[in-house]
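Structure, as structure tokens:
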Ligand SMILES: *[C@@H]1O[C@H](CO)[C@@H](O)[C@H](O)[C@H]1NC(C)=O
Ligand SMILES: *[C@@H]1O[C@H](CO)[C@@H](O)[C@H](O)[C@H]1NC(C)=O
Ligand SMILES: *[C@@H]1O[C@H](CO)[C@@H](O)[C@H](O)[C@H]1NC(C)=O
Ligand SMILES: *[C@@H]1O[C@H](CO)[C@@H](O)[C@H](O)[C@H]1NC(C)=O
């Protein structure tokens, strides 16, 4: 009896399996016939059965598994391994989050050696109500504010209140008095947007003047030695006194006098100087440690690369380092518009409080979420309705833009980043040229080696759609481009999503499309020298694909995700295409996985809510640093008054909610 039931069960199980196999075959075949390139290649996951991965006995990860199960690499390609590494790091980040106010306060004190600022409890509730994902991850704010502990509050206030006065210096200012924005000085759409944002939580903010960068380019570069002194002073002022006042002070001399703007005594000099059109590394290197490549002569490219690139394929192993000008500045200083010849640049060596939407790693501007991400702008907003499913997208990397980045003249444009990208992905331009990719080793399936004779021309024609829509920003005019580019039609963002791969590079400053790219169902590739508010939340190789600012890895990346060539054992005699020896299986599943992960993640940590939460917290920290009593104000409690709010029972203070 029992055995009969077992047999019957087995029969049904096999029948079901057969059905599944049949359906998946139909899906696979119909998928293949729709695309001739896929025809030749097939996906790596179809070939899994016989790939041996050195030192990895476990069954490789594939599409059928739950997306939140730990990633097992599909083969020994460095990208497969980098994805696994990113997966691990991200899991650690997920596990370490505070789940109650009590924990949050404790974490704050442990990390910063201070009490949280006044208003912290209100901020906490505001953040929780909006489903903040990681209540502890505001390190960027703390890093940006830290050196100001070494500057007198009154001096910070005076600088912030008055830097807008000389309109040539590109500074706007928002003045908050009595929980209202009472004025914008030298405002623009940027400060307008910011005002809307601040109004959401202005009732918790003290009086303050907020100076905002009106230029695209970042501003403050404090020499390394000076910064060391400032940071040392900050460390010496850390303390957590048992009694504090949990309120901001009310009278503060040095804010802009709103009844008489000229009644304020002598001004502080922000010491701006212009460095437009010149090499940025001349300025930037002063902020680097003396032993760094930026301040040492004769560091070779190979030596610099060891810190952030894989020997195989030149893949990025440390995305932070790709934008660390102290480490890589000398390698990219004549390969990027801002670094080579920025169109406007108003810098200072003095630590002044200026809020900016992006900066490079040597800058001390105070980062805040770019207004473009908060404002609703059809050019930069993601719209789900116009996106396609991964399977329906083309195997193409797309990019469109104008020739921004720096001031261009007839003999310098080759040194601008966008121009280099368009050149490097132009099939005609690349005819006869060779680049490095990784190819599967002929004798060892699933293992890869450098292959430096890859002819990318045909591959570029099939798989890239990159071009300028307009020339712009040239001196005396852009006619020298006439014989260089074929302008391509503008492609609205929604239509760009018809392609699997979206590449995102800088313009004059950061790229405002970035969040939309992450939100989309396409796979975003990113190269940038800029830092933004959200960087610590994004994990390269889990949420997006990182690329070197020289773009020397672009074909390694594309051939991995899109595949190229014929497996060695299937080559026919006389198949003598230029790339006869190159073979990389198509890693479509991996591409989709990163695209999906980035999309899910953006919906959790890059929402408009997250921008509000970030800005609220930033302005509390800023409100304290400009307060004359900054050493004595703050929240000194243990956080238990929100136990009930957090749903923590007094008997169970463990990490769950
Ligand atoms: C801001 O400064 C610019 C010059 O940079 C000037 O043309 C403009 O009128 C100023 N706007 C306001 C609102 O003061
Ligand atoms: C602002 O200026 C007015 C007029 O000059 C002066 O009476 C007042 O005391 C000033 N307010 C502050 C806070 O300095
Ligand atoms: C690609 O390069 C060729 C040859 O240099 C040039 O004529 C063409 O305009 C370029 N295409 C684009 C899209 O810029
Ligand atoms: C990269 O920088 C972020 C801050 O922006 C930091 O949280 C993270 O730990 C850094 N990652 C590495 C690998 O250095």
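In my numbering, the protein residues as written are 125 to 781.
Even glycine gets a Cβ: it sits at the ideal position worked out from N, Cα and C.
Quickly, what does DSSP pair residue i with across the bridge? List them, please.
| i | result |
| --- | --- |
| residue 340 | DSSP output for residue 340 lists no bridge partner at all. |
| residue 602 | Answer is none; residue 602 lacks a bridge partner. |
| residue 668 | 664 |
| residue 441 | Looking at the DSSP assignment, residue 441 forms no beta bridge with any residue, so it has no partner. |
| residue 472 | 344 |
| residue 398 | 470 |
| residue 433 | 440 |
| residue 244 | Answer is none; residue 244 lacks a bridge partner. |
| residue 480 | 491 |
| residue 518 | 623 |
| residue 688 | 708 |
| residue 757 | 369 |
On a Cα-Cα basis, can you pick out the residue from the options that is closest to residue i?
| i | options | result |
| --- | --- | --- |
| residue 646 | 626, 633, 665 | 626 |
| residue 330 | 257, 757, 762, 769 | 757 |
| residue 526 | 471, 470, 475, 461 | 461 |
| residue 194 | 202, 200, 211 | 211 |
| residue 638 | 764, 549, 482 | 482 |
| residue 256 | 522, 360, 668, 730 | 730 |
| residue 723 | 459, 669, 632, 233 | 669 |
| residue 401 | 208, 548, 600, 531 | 531 |
| residue 495 | 509, 479, 485 | 479 |
| residue 444 | 662, 749, 215 | 662 |
| residue 300 | 396, 753, 746 | 746 |
| residue 334 | 704, 355, 378 | 378 |
| residue 375 | 437, 305, 263, 752 | 752 |
| residue 281 | 641, 634, 733, 477 | 477 |
| residue 619 | 498, 520, 704 | 520 |
| residue 529 | 541, 503, 217 | 541 |
With a CB to CB cut of under 7 Å and the five nearest residues on each side skipped, what residues in its chain are close to residue i?
| i | result |
| --- | --- |
| residue 173 | Per-residue confidence for residue 173 stands at a pLDDT of 49, beneath the threshold of 50, marking its modelled position as unreliable; the derived number appears in the next sentence. Once the five neighbours on either side are set aside, residue 173 has no close Cβ partner at all. |
| residue 381 | 387, 388 |
| residue 796 | Given a span of 125 to 781 for the chain in the structure shown, any question on residue 796 remains unanswerable. |
| residue 313 | none |
| residue 622 | 512, 517, 518 |
| residue 347 | 410, 411, 473 |
| residue 339 | 294, 468, 470 |
| residue 265 | 741, 742, 745 |
| residue 268 | 490, 491 |
Leaving aside the five residues before and after residue i along the sequence, list all residues of the same chain whose C-beta is less than 8 Å from its C-beta, in chain order.
| i | result |
| --- | --- |
| residue 576 | 558, 559, 560 |
| residue 781 | Confidence is the limiting factor: at residue 781 the pLDDT is only 40, short of 50, which leaves the residue's position unreliable, though a coordinate-based value still follows. Correct list, in chain order: 223, 224, 770, 771, 772. |
| residue 357 | 273, 274 |
| residue 308 | 296, 297, 298, 299, 315, 316, 319 |
So, for residue i: in the same chain, excluding its five sequence neighbours on each side, which residues have a beta-carbon less than 6 Å away from its beta-carbon?
| i | result |
| --- | --- |
| residue 585 | 551 |
| residue 782 | Residue 782 lies beyond the residue range present for the chain, which begins at 125 and ends at 781; the question has no answer from this structure. |
| residue 286 | 391 |
| residue 616 | none |
| residue 206 | 665 |
| residue 594 | 526 |
| residue 766 | 225 |
| residue 370 | 242, 759 |
| residue 786 | Because the chain is modelled from 125 through 781, residue 786 falls outside the range shown and cannot be assessed. |
| residue 349 | none |
Q.
I'd like the ranges of any beta strand (DSSP E) spanning at least 3 consecutive residues and lying wholly in the segment 275-352.
A. Positions of the beta strand (DSSP E) runs, each at least 3 residues long and wholly inside the segment 275-352, are given as 295-301, 304-309, 332-337 in order along the chain.
Q: Examine the Cβ distances between the segment 488-508 and the segment 555-574 and report whether three or more of them are shorter than 8 Å.
A: The segment 488-508 makes no contact with the segment 555-574; the number of CB pairs closer than 8 Å stays below 3.
Q | Inter-stretch contact (C-beta, 8 Å, three-pair minimum) for the segment 677-685 and the segment 757-770 | A | Judged by Cβ distances under 8 Å, the segment 677-685 makes no contact with the segment 757-770, as fewer than three pairs qualify.
Q.
Across the segment 401-414 and the segment 441-454, are there enough close Cβ pairs to call them in contact, namely three or more that are closer than 8 Å?
A. Yes: the two stretches touch, three or more of their Cβ pairs being nearer than 8 Å.
Q: Jot down the residue ranges of each uninterrupted beta strand (DSSP E) in the segment 610-680, minimum 3 residues, whole runs only, in chain order.
A: Taking 3 residues as the minimum length, the beta strand (DSSP E) runs contained wholly in the segment 610-680 are 623-628, 647-650, in order along the chain.
Q.
Threshold first: 3 residues or longer. Then list the beta strand (DSSP E) segments lying entirely within the segment 520-603, N to C.
A. The DSSP assignment places 559-564, 572-578, 588-594 as complete runs of the beta strand (DSSP E) inside the segment 520-603, in order along the chain (cut-off: 3 residues).
Q) With contact counted as at least three CB pairs below 8 Å, one residue from each stretch, are the segment 469-478 and the segment 283-303 in contact? A) Cβ pair count under 8 Å is three or more, so yes.
Q) How do the segment 229-244 and the segment 739-758 stand: do at least 3 beta-carbon pairs fall below 8 Å, yes or no? A) Counting Cβ pairs under 8 Å, three or more are found: they touch.
(Q) Can you confirm whether the segment 315-325 touches the segment 739-758 when touching is taken to mean that 3 or more C-beta pairs between the two stretches lie within less than 8 Å? (A) Yes, the segment 739-758 touches the segment 315-325.
**Q.** Contact the segment 596-616 vs the segment 566-582: 3+ CB pairs below 8 Å
**A.** In the pairwise beta carbon analysis, the segment 596-616 is classified as not touching the segment 566-582: fewer than three pairs are separated by under 8 Å.
(Q) Is it the case that the segment 587-595 contacts the segment 535-550, given that we only count it when at least three CB pairs across the two stretches are under 8 Å? (A) As far as the Cβ criterion goes, the segment 535-550 touches the segment 587-595, which means the pair count is three or higher.
Q. Who's in the neighbourhood of ligand 5, going by beta-carbon under 5 Å from any heavy atom, listed in chain order?
A. Ligands displayed in this structure: ligand 1, ligand 2, ligand 3 and ligand 4; ligand 5 is not among them.
Q) Should the segment 429-437 be regarded as contacting the segment 360-372, the criterion being three or more beta carbon pairs within less than 8 Å? A) Contact fails between the segment 429-437 and the segment 360-372, because fewer than three Cβ pairs, one in each stretch, are under 8 Å apart.
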